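Asker: Numbering (this note's numbering), first residue to last: 2 to 366.
To start, I am sharing the structure in question, which I have written as structure tokens.
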């Protein structure tokens, strides 16, 4: 009898050790994937460098304060890059073709850009201040500004566009109640009128908390699904929704170890509603779990988290890769630089603004 118990226990421990994830299903049929270990430890993504824009070329073009805010490729394979207040076009190999726009509040002028979508050779660029959507053709010729003044849920950012609709993010703040509200909205592809709010969340946030970090609105997606991070210091949580109707499809959870913050506390002074306020940064003992997410053309979710394993190189960039809620593997990218905010992914392409001030383009499968 004792021998039989020992055999059963041994089998149990072996199966537990091999378990990579488990799935819970709630009363509404929504699955939660609790990921423990990589389900495919041999999975990797290899990058192929397809182009480079040298720092010397950027200097010769008077591209001072150059930064890649967003990028895409046109039908001919040329790269289109959004900078601080300009847009640039380079060949696939990195040869300069043209640039357009400038800083200003006039038609087609850029002040505080975020992202752009390239749909059927038309560029839709979201400008935050003043709020407007600017339309250019892929050669840089200005078409029109779409102004927000008579529209509800006007997007702060458009992160996906296709011939049928756009998806954008909106934030609003209630001064009196100090409530921050975040939305994901579907928009008509011609008028940019809001068709449907497909995600909404609210939380308490005082003006002094605006730089807290943990409440950053982090999202990604396409015409089928979108993902929203529920960020915290203690938990690794991402939810997946249907882009058509906003229905919750599944939840991603993963083991997470809190990461101590090395940021120093700083006080920044400003004015809010006519009163001087002090805003603190670096007040938390820990870093938020997730920095950034991307969704590639192969339906894989890329997650950059703050956790690093003991054997991981601090100067390299790592991503957790998920497919349909399941953690495939944690990968190390062979790139020139490790700063996540100088890294962008679109479809099956990556652009990186390196520490040497060169711009590198990669392709992956």
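Don't be surprised by glycine CBs; every beta carbon is placed ideally from N, CA and C.
Predicted model, so just to flag it, every value in this text is computed and none were measured.
Take the Cβ of residue 64 as the centre, count every other Cβ of all protein chains shown within 10 Å, and call the residue buried at 16 or more, exposed below.
Answerer: For the purposes of this step, residue 64 is taken as residue 63 along the chain shown, with counting starting at 1. Buried, by the Cβ-count rule.
Asker: So, at 7 Å on beta carbons, what are the nonlocal neighbours of residue 51 in its own chain, with the 5 sequence-adjacent residues on each side left out?
Answerer: Residue mapping note: residue 51 aligns to position 50 of the chain shown, counting from 1. Excluding sequence neighbours, residue 51 sits near 93, 362, 363 and 364.
Asker: Bridge partners for residue 306 per DSSP, in chain order?
Answerer: Locating residue 306 in the chain shown gives position 305, where the first residue counts as 1. In the DSSP output, where bridge partners are listed per residue, residue 306 has 291.
Asker: How would you call residue 350, buried or exposed, if buried means at least 16 neighbouring beta carbons within 10 angstroms?
Answerer: Taking the first residue of the chain shown as 1, we reach residue 350 at position 349. Looking at its Cβ environment, which holds 16 or more other Cβ atoms inside 10 Å, residue 350 is buried.
Asker: Report yes if the CB atom of residue 152 is closer than 8 Å to the CB atom of residue 193, and no otherwise.
Answerer: As a position in the chain shown, residue 152 is number 151, starting the count at 1. As a position in the chain shown, residue 193 is number 192, starting the count at 1. Yes, the Cβ-Cβ distance between residue 152 and residue 193 is below 8 Å.
Asker: May I ask which residues mark the beginning and end of the alpha helix (DSSP H) holding residue 59?
Answerer: Locating residue 59 in the chain shown gives position 58, counting from the first residue. 56–61 is the extent of the alpha helix (DSSP H) around residue 59.
Asker: In terms of residues, what are the limits of the beta strand (DSSP E) holding residue 358?
Answerer: Locating residue 358 in the chain shown gives position 357, counting from the first residue. From DSSP, residue 358 is part of no beta strand (DSSP E); its letter is neither H nor E.
Asker: If the criterion is Cβ atoms closer than 8 Å, does the pair residue 318 and residue 302 meet it?
Answerer: Here residue 318 refers to the residue found at position 317 of the chain shown. Here residue 302 refers to the residue found at position 301 of the chain shown. No, the pair does not count as a contact, with Cβ atoms beyond the cut-off.
Asker: Between 222, 337 and 323, which has its C-alpha nearest residue 36's C-alpha?
Answerer: Taking the first residue of the chain shown as 1, we reach residue 36 at position 35. Residue 36 has its Cα closest to that of 323, out of 222, 337 and 323.
Asker: Within the chosen definition, does the segment 125–141 reach the segment 153–172 through at least 3 CB pairs nearer than 8 Å?
Answerer: Yes, since at least three Cβ pairs between the segment 125–141 and the segment 153–172 fall closer than 8 Å, the two stretches touch.
Asker: Where does residue 256 land, buried or exposed, given buried means 16+ other C-beta within 10 angstroms?
Answerer: Along the chain shown, read from residue 1 onward, the residue named residue 256 stands at position 255. Residue 256 comes out exposed.
Asker: For residue 343, name the three-state secondary structure that DSSP assigns.
Answerer: What you label residue 343 is simply residue 342 of the chain shown in a count that begins at 1. The answer is helix: DSSP assigns residue 343 an H, G or I state.
Asker: Could you tell me which residues DSSP pairs with residue 23 in its beta bridges?
Answerer: Looking up residue 23 in the chain shown gives position 22. Answer is 35.
Asker: Is residue 177 a contact residue of the ligand SAM, with contact defined as CB to any heavy atom under 7 Å?
Answerer: Among the ligands in the structure shown, none appear at all, so the ligand SAM cannot be discussed.
Asker: Identify whether residue 354 lies in helix, strand or coil by the three-state DSSP scheme.
Answerer: For the purposes of this step, residue 354 is taken as the residue at position 353 of the chain shown. Residue 354: strand per DSSP, three-state reduction.
Asker: Buried or exposed for residue 88, please, with buried defined as at least 16 other CB atoms from any protein chain shown within 10 angstroms of its CB.
Answerer: Reading the chain shown from its first residue, position 87 is the one you call residue 88. Residue 88 is buried by the Cβ-count criterion.
Asker: Let me check one thing: in DSSP terms, what residues is residue 138 bridge-paired to?
Answerer: Residue numbering aside, residue 138 sits at position 137 when the chain shown is read from its first letter. 123, per the DSSP bridge assignment.
Asker: Please list, in chain order, all residues of the same chain as residue 200 whose beta carbon is under 7 Å from its beta carbon, the five residues on each side excluded.
Answerer: Counted from its first residue, the chain shown places residue 200 at position 199. Excluding positions up to five away in sequence, the list reads 184, 185, 229, 242 and 247.
Asker: So the beta strand (DSSP E) residue 334 belongs to, where does it begin and stop?
Answerer: Residue 334 sits at position 333 when you count from the first residue of the chain shown. Segment 327–334, the beta strand (DSSP E) holding residue 334.
Asker: Per DSSP, which one or two residues make a beta bridge with residue 51?
Answerer: Locating residue 51 in the chain shown gives position 50, where the first residue counts as 1. In DSSP, residue 51 forms no bridge with anything.
Asker: Can you tell me whether residue 68 is helix, strand or coil according to DSSP?
Answerer: On the chain shown, position 67 is the one that residue 68 refers to. Of the three classes helix, strand and coil, the one that applies to residue 68 here is coil, per DSSP.
Asker: One question on the structure: do residue 179 and residue 205 come within less than 8 Å of each other, judged by their Cβ atoms?
Answerer: Position 178 of the chain shown, counting from 1, holds the residue named residue 179. Position 204 of the chain shown, counting from 1, holds the residue named residue 205. Their beta carbons are under 8 Å apart, which means residue 179 touches residue 205 by this criterion.
Asker: Quick one: Cα of residue 115 to Cα of residue 71, how far?
Answerer: Working through the chain shown from its first residue, we reach residue 115 at position 114. Working through the chain shown from its first residue, we reach residue 71 at position 70. If I take the Cα positions, the gap works out to 8 Å.
Asker: Quick one: using the 10 Å Cβ neighbour count with 16 as the cut-off for buried, is residue 220 buried or exposed?
Answerer: Here residue 220 refers to the residue found at position 219 when the chain shown is read from its first residue. So residue 220 ends up on the buried side.
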